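With this note's numbering, letter number 235 in the sequence shown gets 235, and the count goes up by one each step, no holes. Worksheet: the structure to be examined is printed underneath.
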Amino acid sequence: MSLTKWSSNLEIGIGCIDADHKVLVSLINQVHDCSNLYEELMVLGSVLSALIEYTVYHFNREEKLQELCGYSQLEAHKTSHHNLTIQAQSFYKRYVENPADLPVAEIKGFLRNWLFNHIMIEDFAFRPACLDNKDAIAEVTAMTFMKDHAETSAPVDWGRLSVLIIDDNPNFRLLIKTVLRAVGVRNVQEAASADDGLKLLIKRPVDVVLCDWVMEGMHGAEFARRLREFDDSSLIVLVTGHAVETHREQASASGVIGFLQKPISVRSLVDVITEVLSK
């Protein structure tokens with residue numbers, strides 16, 4: 001069960017900060033839920049990575065806002081941010097070293113502290129100093145997620161991009177959808193099977209299809225082959241928990257043009273979408 005659902009009680013009234021918090025609450029809930037299940041360890045690694053990447057971006061934005069508004073507790077807030085980041089990174093490091101040995105109770109306590117002490121107490125404390133500073137809010141609202149990626153890669157109009165996620169794991173679909181929303185994608189569909197994905201694509205192609213390799217009934221290469229019988233415009237990215245080279249020859253022959261290896265990161269997802277769109 002999730003720690004909490006997003007509600008107006010979590011809003012501080014600053015649009016970009018509330019939008020960030022909504023993403024973070026979703027990711028925190030996903031880490032919490034996946035940490036309960038051994039079979040979700042692959043998803044947990046991906047969610048932890050995404051949480052860290054989005055956290056760094058959000059903390060930078062929040063600190064910039066407080067600096068522009070002259071918030072008196074900025075340094076203390078920075079220290080809190082630093083401690084949260086270090087702890088999240090330590091959990092991810094332990095995951096990489098031994099996924100099965102993660103301290104579940106410790107992770108849950110950390111997430112509760114983040115949600116209930118930091119977001120709901122410490123973040124609400126800077127609200128009076130910043131709420132009415134429209135110039136400062138406008139400046140930090142313009143700060144974009146993955147800004148360094150945008151500066152070094154071919155431009156992508158994320159707001160106009162359409163993506164279909166095909167995966168039989170609902171937790172993994174939720175993670176991908178959360179990350180895509182965070183980078184600005186608004187048109188996101190999902191399917192729990194290759195058959196369901198084909199039914200959606202018969203009605204309307206999309207820009208990018210993210211399809212899991214291992215699913216009951218139809219694996220990723222067979223899905224790609226059948227899709228190419230009626231749709232040669234949707235770009236297919238194969239998502240796999242195995243080494244990419246294991247599937248590259250078979251998948252490429254079926255029409256797959258991109259590969260994404262689990263556990264994923266925000267950067268690896270953004271990179272592969274940018275790459276296939278530029279081909």
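Glycine included, every Cβ here is placed at the ideal spot set by N, Cα and C. Please read these numbers as outputs of a predicted model, since none were measured by experiment.
Note to self: Under DSSP, the alpha helix (DSSP H) around I12 begins and ends at which residues?
What the structure shows: Element bounds for I12: n/a, residue is neither H nor E.
Check: With distances taken from CA atoms, which of G255, S8, C16 is nearest C130?
Finding: Nearest of G255, S8, C16 to C130, Cα basis: C16.
Margin query: Can you look up F116 in the DSSP assignment and give me helix, strand or coil?
Written below: In the structure shown, F116 sits in a helix (DSSP, three-state: H, G or I).
Check: Can you tell me whether DSSP reads L41 as helix, strand or coil?
Finding: In this structure, L41 counts as helix in the three-state DSSP scheme.
Next item on the list: Would you decide whether L37 is buried or exposed? Buried here means 16 or more other CB atoms lie within 10 Å of its CB.
Entry: Burial call: exposed.
Check: Going along the chain, which residues of its own chain have a beta-carbon closer than 7 Å to the beta-carbon of L174, five neighbours each way excluded?
Finding: Non-local beta-carbon contacts of L174 in its own chain, meaning distances under 7 Å to residues more than five positions away in sequence, involve Q30 in chain order.
Note to self: Distance check for P155 and V208, CA to CA, integer angstroms please.
What the structure shows: When rounded, the distance between both Cα atoms is 16 Å.
Item checked: Residues of its chain near F59, where Cβ-Cβ distance is below 6 Å and the 5 sequence neighbours each way are ignored -> Closer than 6 Å at Cβ, skipping near neighbours: H81.
Check: From T85, D232, L161, V266, pick the residue whose C-alpha is nearest to that of L111; which is it?
Finding: Closest option to L111, Cα to Cα, is T85.
Check: Apart from the five residues on each side of it in sequence, which residues of its chain come closer than 6 Å, Cβ to Cβ, to F126?
Finding: Once the five neighbours on either side are set aside, the close Cβ partners of F126 are Q66, Y71.
Next item on the list: Report the rounded CA-to-CA distance for L210 versus M143, giving the unit in angstroms.
Entry: Near 27 Å, if we compare the C-alpha coordinates of M143 and L210.
Margin query: Just to check my reading of the structure: I121 and H21 have Cβ atoms closer than 8 Å, yes? What is that Cβ distance to the nearest angstrom?
Written below: Beta-carbon to beta-carbon, I121 and H21 are separated by about 13 Å, too far to satisfy the 8 Å threshold.
Margin query: Pop quiz: D168 and D195 are said to be a contact at Cβ under 8 Å. What is the actual Cβ separation, rounded to whole angstroms?
Written below: 11 Å between Cβ atoms; not a contact.
Note to self: Within a Cβ cutoff of 6 Å, which residues of the same chain sit near V25, ignoring the five residues on either side of it in sequence?
What the structure shows: For V25, where only same-chain residues beyond five positions count, the Cβ hits under 6 Å are W6.
Next item on the list: Answer with buried or exposed for A182, where buried requires no fewer than 16 other C-beta atoms within 10 angstroms of its C-beta.
Entry: Per the 10 Å Cβ criterion, buried.
Note to self: Along the chain, where does the alpha helix (DSSP H) containing Q73 start, and where does it finish?
What the structure shows: From DSSP, Q73 is part of no alpha helix (DSSP H); its letter is neither H nor E.
Item checked: Secondary structure of S162, DSSP reduced to three states -> DSSP places S162 in strand when its eight states are reduced to three.
Notebook entry, point to check: Roughly how many angstroms lie between the CA atoms of V256 and V237, to the nearest whole one?
Noted result: V256 and V237: Cα-Cα distance of roughly 6 Å.
Check: Is it the case that the Cβ atoms of E63 and L74 are separated by a distance below 8 Å?
Finding: A contact, by the Cβ cut-off of 8 Å.
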